Every structure is written in structure tokens, then in C-alpha cells.
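Trainee: First, the structure itself, so that you have it in front of you.
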Amino acid sequence: MAKGEREGRLPLLLLLLLVLCLLAQSRIAAAATHPQDAAALKSLMRKWSNVPASWRKKSNDPCGDKWDGIECNGANLFGMNMKGTLSDDIGSLTELRVLDLSSNKDLGGPLTPAIGKLIQLINLALIGCSFSGSVPSELGNLAQLEFFGLNSNQFTGRIPPSLGKLSKVKWLDLADNKLTGLLPNSRDNGAGLDQLLNAEHFHLNQNSLEGPIPEYMFNSSMHLKHILLDRNNFSGTIPSSIGVIPTLEVLRLNNNNFTGRVPAMNNLTKLHVLMLSNNKLSGPMPNLTDMEGLGNVDLSNNSFTPSGVPSWFTELPGLMTLTMQSVGISGKLPQKLFGLRALQHVNIE
């Protein structure tokens, strides 16, 4: 599995296919590759090493002559040890629906903006490769995209605001890169991540993203399940708008520079994971009463006002792990806490 949290990844995404959709149904019936598609594949092949031997045969028909891993409706190039770069020729495969080149760690270099021409693309997965440079703004042209996975590469620079135009995207993953700058939003940038109302996953952890997160980044019309912003350089207060997303299940803001009070989160009744450790949060310990879905809580290493043991410790029936190191708690832990059936681990200092 690639670095970073990948909680609840959809089984569909494990198919790992590069689907070549031909320009007309007759091409499929004839089991022949359109000359434009064949030429693009051959050009890409010349940029790569370690391609299957059958690709190097003198054939212009990857479908009819059965290039290894290529069929008329799909190809599996996941983890095939491909080496080289992704050339502009990829933009010629304009009927491509799914592009997955994941786990080819020697496939890298700058990501060609030509991918923005693949306007039929639904799934884009370039996970665990070695792509570098900026994320092309042209990717915002992929209006049909539902899965966007560029995690575990070496991308640098800012997240392009144009990604806010991906109105159908459900999974946005840019984790484990070297991205910097602020989160783009529509008020300041014309387009931004706050426009992704259908998104269920924001995985932006393990980068060098920074600055405050504005209140208008989140709203109650969103369908987010996972917000993973941990291991960045975010600062300022945690936006209270996070607390109005009714679908939220996982919130990881740990290992940043957030300050101030933790906003009310009691309306997040579906929240299962809450990680706020290793920030500079202050004020009273957050009250997690009525958040009965919580299973994993870590508020360690913050500067909360010293207090006794919070009553909500014993009111979370699904609690599995509770980590509260260096948070200013004093007093004896109630025996009732250790009677919680789901509890597996407690670390309080």
C-alpha cells in the first residue's frame, strides 16, 4: 500500500485497469485497434523500458495481435516496472476512461499537461510513481473524473485552483508529495476545493501545505467522509465549518500548527476517527459528548487548560483507542472507562 492513510478505499479502485475505449463500437467488433490509438501506444512505448516483449513486435494492432496486458477494452499496467516518462502522446487516447499506471516507481518526470485532453476519463490513478514538478492545471478539464489519485509521488508547488472544476470527483488524493502553499478556494482563486460538493475524500496529508484554512472552505452541502490534512504546516484556528459536515467519518488534523480552541463537533454524529494531536491548540478540552460513533481519539501534545477527567471519556460506547498525552488532565480515571466493551488501548499521561 502507498504511504499515508488509505482508510476505506473502494474495492472498485483495486481493479487497477487502464481502459482503452475505442472511438466506435465497430472497432471492438473487428477486434482491431484504431490507427491513431495504436500509434499513440507505440510512441508511449518508445519512452518506456521494461515493456512486455509482445509490445515490441512489428504490429500495428495491440488488440488483434494480443499485446500482453492490452485488450480491446482494457489493459493492466499496474506494477509492471515500467521505466521512463509519460509523453504528450497520451493525449491522443481521447476515449480513455480509466488511466492507472500506479506502482511503477521508475515512471516519472514532469506530468504532461496532455492528460487534460482525456476528457472522457473517469479514474486517474498515478499512485506510487516518481512524477515530479507541478500538478498541471489542465487536469481541471477532466469534467467526468470521479477518482483522482496522484499520491506518493514527488509533486511540488501549489495545488492548482482548477481542480475545483472537477464537480464529479469523489476521491481526491494528493497525499505524500511535496506540495506547498494555501488550499485553493473559489473566493480567492476563482475556483477551489470548496466547490467539490460531491467529494467524499480529501486526502492531502504528508505535504508542506500551509497557512490558515478559511471558514468557507467547508459547508453543510458537502458529502465529505474523510478529511486528511495531517502532517502539513497549517496554522490558525480550525475552521468551525468542519463541524457542520454531517457525513464526516474521519478527521485527521494532527501534526500541524493549529492554534486556538477546538470548534464544536457534536453534530458530527458519524465521526469515527478524530486526530488532533501535535498542534498548538488551547482553551478548554473539547467536549465530545453525544459523539457515540467515535472509535479513535487522539488529542495529545496540545496546550489545553488543565482540567479533571472529562465526563465524555465514559460516554463513548464505541471507543477503541484513547490517547491523551500531555494535555493537562489530572485526577483518577473512572473505572467505568475500562468497562467499555470496544476499548483496546488507553494512553493518558
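Heads up: the sequence shown runs through residues -31 to -1, 1 to 318, numbered per mature numbering (1 follows the signal peptide of the UniProt record, and there is no 0).
Glycine residues also receive a C-beta, built at the ideal position from the N, C-alpha and C atoms.
Since this is a predicted model, take the numbers as computed values, not measurements.
1. Does the separation of the CB atoms of Pro253 and Thr283 fall below 7 Å?
2. Less than 7 Å separating the beta-carbons of Ser204 and Asn223?
3. Met293 by DSSP, collapsed to three states: which one?
4. When the Cα atoms are used, what is the spatial distance from Ser246 to Lys134?
5. Which residues does DSSP pair with Phe282 in a beta bridge?
6. Have a look at Leu(-9) and Tyr185 and give me their C-alpha separation to the nearest angstrom.
7. Who are the near neighbours of Leu148 in its chain, counting only those whose CB is closer than 8 Å to its CB and skipping five residues on each side?
8. I think Val219 touches His195, with their Cβ atoms under 8 Å apart; what is that distance to the nearest whole Å?
9. What first and last residue would you give for the alpha helix (DSSP H) that runs through Asp157?
10. Where does Pro303 sit, in a helix, a strand or coil, going by DSSP?
11. Please name the residue, chosen from Ser276, Ser272, Met260, that lies closest to Leu288 on a Cα-to-Cα basis.
12. Taking only the alpha-carbon atoms, compute the straight-line gap between Ile91 and Val138 and give it to the nearest angstrom.
13. With distances taken between CB atoms, is the gap from Gly161 to Pro130 smaller than 7 Å?
14. Could I get the ranges of all uninterrupted beta strand (DSSP E) runs contained in the region 104 to 141, with 3 residues as the minimum, in chain order?
15. Leaving out the 5 sequence neighbours to the left and right, which residues in its chain are closer than 8 Å to Ser280 when beta-carbon positions are compared?
16. What distance in whole Å lies between the Cβ atoms of Ser251 and Gly229, which are believed to be in contact at a cut-off of 8 Å?
17. Can you tell me which of the three DSSP states Pro82 falls into?
18. Under the rule that 16 or more other beta-carbon atoms within 10 Å means buried, what is His314, buried or exposed?
19. May I ask you to report which of helix, strand or coil DSSP gives Asp199?
20. Could you pull out every residue in the same chain whose Cβ sits closer than 6 Å to the Cβ of Ser189, ignoring the five residues on either side in sequence?
21. Can you give me the start and stop residues for the beta strand (DSSP E) that Phe187 sits inside?
22. If you draw a straight line from the alpha carbon of Leu197 to that of Phe273, how long is it in whole angstroms?
Mentor: This is what the structure holds:
1. In the sequence shown, residue 253 corresponds to position 284, counting from 1. In the sequence shown, residue 283 corresponds to position 314, counting from 1. Cβ distance not < 7 Å, so Pro253 and Thr283 don't count as in contact.
2. If you number the sequence shown from 1, residue 204 lands on position 235. If you number the sequence shown from 1, residue 223 lands on position 254. Contact flag unset, no.
3. For the purposes of this step, residue 293 is taken as the residue at position 324 of the sequence shown. Looking at Met293 - three-state DSSP - the assignment turns out to be strand.
4. Taking the first residue of the sequence shown as position 1, residue 246 is located at position 277. Taking the first residue of the sequence shown as position 1, residue 134 is located at position 165. So the two alpha carbons sit approximately 33 Å from each other.
5. As a working mapping, residue 282 is identified with position 313 in the sequence shown. Paired residues: none, contrary to the question.
6. Residue numbering aside, residue -9 sits at position 23 when the sequence shown is read from its first letter. Residue numbering aside, residue 185 sits at position 216 when the sequence shown is read from its first letter. In this prediction, Leu(-9) scores a pLDDT of 30, lower than 50, which makes its location untrustworthy; no coordinate-derived value is stated.
7. Along the sequence shown, read from residue 1 onward, the residue named residue 148 stands at position 179. Result list for Leu148: Val104, Phe124, Thr125, Gly126, Arg127, Ile128, Leu173, Asn176, Ser177, Leu178, in chain order.
8. Position 250 of the sequence shown, counted from the start, is the residue given in the question as residue 219. Position 226 of the sequence shown, counted from the start, is the residue given in the question as residue 195. That pair is a contact at about 4 Å.
9. One-based indexing of the sequence shown puts residue 157 at position 188. From DSSP, the alpha helix (DSSP H) with Asp157 extends over 155 to 158.
10. Position 334 of the sequence shown holds residue 303. In this structure, Pro303 counts as coil in the three-state DSSP scheme.
11. Within the sequence shown, numbered from 1, the residue matching residue 288 stands at position 319. With distances taken between Cα atoms, Leu288 lies closest to Met260.
12. Locating residue 91 in the sequence shown gives position 122, counting from the first residue. Locating residue 138 in the sequence shown gives position 169, counting from the first residue. So the two alpha carbons sit approximately 9 Å from each other.
13. Reading the sequence shown from its first residue, position 192 is the one you call residue 161. Reading the sequence shown from its first residue, position 161 is the one you call residue 130. Yes, Cβ-Cβ distance for Gly161 and Pro130 is below 7 Å.
14. 116 to 118, 123 to 126
15. On the sequence shown, residue 280 is found 311 positions in, with the first residue counted as 1. If we look at Ser280 and ignore the five residues flanking it on each side, its Cβ neighbours are Thr258.
16. Stepping through the sequence shown from its first residue, residue 229 is reached at position 260. Stepping through the sequence shown from its first residue, residue 251 is reached at position 282. Contact flag correct, Cβ pair sits at about 6 Å.
17. Within the sequence shown, residue 82 is the residue found at index 113, counting from 1. Helix.
18. Numbered from 1 along the sequence shown, position 345 holds the residue referred to as residue 314. When all chains shown are included, His314 counts as exposed.
19. In the sequence shown, residue 199 corresponds to position 230, counting from 1. Three-state DSSP puts Asp199 in coil, outside helix and strand.
20. Sequence index remark: in the sequence shown, residue 189 carries index 220 (1-based). Excluding residues within five positions, the ones whose Cβ falls inside 6 Å are Val213.
21. Your numbering for residue 187 matches position 218 in the sequence shown. First-last for Phe187: undefined, no H or E at that position.
22. As a position in the sequence shown, residue 197 is number 228, starting the count at 1. As a position in the sequence shown, residue 273 is number 304, starting the count at 1. Spanning the two alpha carbons is a distance of roughly 23 Å.
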